[in-house]
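Quick note on numbering: full-length UniProt numbering labels position 118 of the sequence shown as 118, and the sequence is numbered without any gaps. Heads up, the beta-carbon is just placed ideally off N, CA and C, and yes, glycines get one too. Okay, so here's the structure we're looking at.
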Amino acid sequence: MPPPVFRFAPSPNGFLHLGHAYSALLNFDLARASGGRLLLRIEDIDATRCRPEYEAAIVDDLAWLGIAWEPEVRRQSDHLDLYRDAVERLAARGLVYPAFESRAEIARLVAAKETTAPWPRDPDGAPLYPGSAKLLSAEQRAQLIGSGAPYALRLDMEAARALAGELFWRELSLGPDGEAGMVAARPEAWGDVVIARKETPTSYHLAVVIDDALQGVTEVVRGADLFWSTSVHRLLQTLLDLPAPVYRHHPLLRDAEGRKLSKSTGATGLRELRAAGGTPSEIRAMVGLAASA
1 MPPPVFRFAP SPNGFLHLGH AYSALLNFDL ARASGGRLLL RIEDIDATRC RPEYEAAIVD
61 DLAWLGIAWE PEVRRQSDHL DLYRDAVERL AARGLVYPAF ESRAEIARLV AAKETTAPWP
121 RDPDGAPLYP GSAKLLSAEQ RAQLIGSGAP YALRLDMEAA RALAGELFWR ELSLGPDGEA
181 GMVAARPEAW GDVVIARKET PTSYHLAVVI DDALQGVTEV VRGADLFWST SVHRLLQTLL
241 DLPAPVYRHH PLLRDAEGRK LSKSTGATGL RELRAAGGTP SEIRAMVGLA ASA
């Protein structure tokens with residue numbers, strides 16, 4: 001039986017913080033304990049926010065923590081054609097449509113609908129897509145695209161769900177709902193998710209399932225905030241005939257106010273802790289992991 005394959009996949013849009021350190025160290029520890037492999041993937045599809053200096057800092061911080069990974073690093077920006085091909089495969093089955101509303105227009109549509117009743121939200125709390133772009137004719141879509149209008153390519157969730165049938169994933173940890181073992185996927189809770197945009201040929205959801213499959217990842221270890229995103233990932237894996245890894249969603253580290261650590265909230269970065277004299281052993285202790293053997 002081949003060894004298990006793990007991966008750590010940060011986005012180079014800022015410096016690593018303690019939450020990243022926990023996830024990276026956990027993947028490293030699990031790979032080492034199981035005789036498995038650890039891969040590093042740089043998820044840099046967001047060209048407006050990702051920067052080479054952040055990628056260099058990520059590599060430096062991980063090495064300082066004592067984490068070793070296989071030499072070849074995969075960068076999503078090197079594989080955009082693969083994601084385009086996947087979108088075209090879905091479109092050929094009638095599962096994708098362009099939607100032309102801006103984020104501001106979507107917000108206005110939601111506000112108008114909520115004058116009578118609450119509009120449904122996805123598991124992250126964002127409103128489901130409220131527009132009617134799916135009803136546009138092929139001629140109307142072509143005219144809008146030809147005019148240069150920006151658009152998002154959305155997955156027709158109703159059609160995709162009917163095609164895929166029942167979906168499950170194997171969860172190795174207790175999820176947010178206390179579930180472990182085989183978990184029923186509920187991708188319809190996300191509505192017609194965006195899988196690509198005019199200026200970006202993929203979304204996180206699409207790129208991550210393609211990358212995991214092509215890299216042979218067998219165990220996805222990531223934060224509990226992505227637990228229900230796995231529903232969308234299982235749907236895309238099924239539609240694209242990709243293998244499904246097993247999943248382990250670990251608890252999130254939180255700040256004094258109970259918020260998950262994130263770049264957007266200014267979570268203390270590893271670089272600041274290093275500059276203040278912190279050691280890799282101290283970082284392990286701070287995130288609740290045993291000292292390295």
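Cβ-Cβ separation, residue j to residue i (assumed contact under 8 Å), whole Å
i: A196; j: S231; result: With a Cβ gap of about 19 Å, A196 and S231 do not count as contacting.
i: R37; j: E70; result: 6 Å
i: V221; j: F15; result: The pair is not a contact, with the Cβ atoms about 21 Å apart (cut-off 8 Å).
i: P12; j: I58; result: 6 Å
i: M157; j: R170; result: No, M157 and R170 are not in contact; Cβ-Cβ is about 23 Å, not under 8 Å.
i: L270; j: D61; result: 5 Å
i: P201; j: L80; result: 5 Å
i: P130; j: I106; result: 6 Å
Reduced DSSP category for residue i - H, G, I as helix; E, B as strand; rest coil
i: F28; result: helix
i: W228; result: coil
i: H205; result: helix
i: R49; result: coil
i: H233; result: helix
i: W119; result: coil
i: I195; result: strand
i: H250; result: strand
i: Y68; result: The amino acid occupying residue 68 in the given sequence is Ala; Tyr does not appear at that position. Coil at A68, not helix or strand.
Euclidean distance between Cα positions of residue i and residue j
i: L25; j: G223; result: 13 Å
i: residue 295; j: N27; result: Outside the displayed span of the chain (1 to 293) sits residue 295, for which this structure offers no information.
i: G19; j: D192; result: 30 Å
i: H233; j: S203; result: 11 Å
i: K113; j: A21; result: 42 Å
i: A142; j: F8; result: 40 Å
i: L109; j: P280; result: 49 Å
i: A92; j: S229; result: 24 Å
Same chain, Cβ closer than 6 Å to residue i, five either side skipped, listed in chain order
i: S77; result: D44
i: T218; result: P4, V5 and P245
Beta-carbon contacts of residue i that lie in its chain and below 7 Å, excluding the five residues immediately before and after
i: A86; result: L206, I210 and L240
i: G35; result: P3
Contacts around residue i, its chain only, beta-carbon distance under 8 Å, and the 5 residues preceding and following it disregarded
i: G149; result: Reading off the sequence shown, one finds Ala at residue 149, where the question assumed Gly. Same-chain partners within the cutoff: F100.
Chain B within 8 Å of residue i, Cβ atoms only
i: D211; result: The chain labelled as chain B is not found in the depicted structure, where only one protein chain is given.
Problem set entry | the region 141 to 156 touching the region 92 to 112, judged by at least three CB pairs closer than 8 Å | yes
For this session: Assess, as a yes-or-no matter, whether the region 230 to 245 is touched by the region 154 to 168 under the definition of 3 or more beta carbon pairs within less than 8 Å.
Result: They touch, by the three-pair rule.
Problem set entry | Contact between the region 196 to 209 and the region 59 to 66 (3+ Cβ pairs under 8 Å) | no
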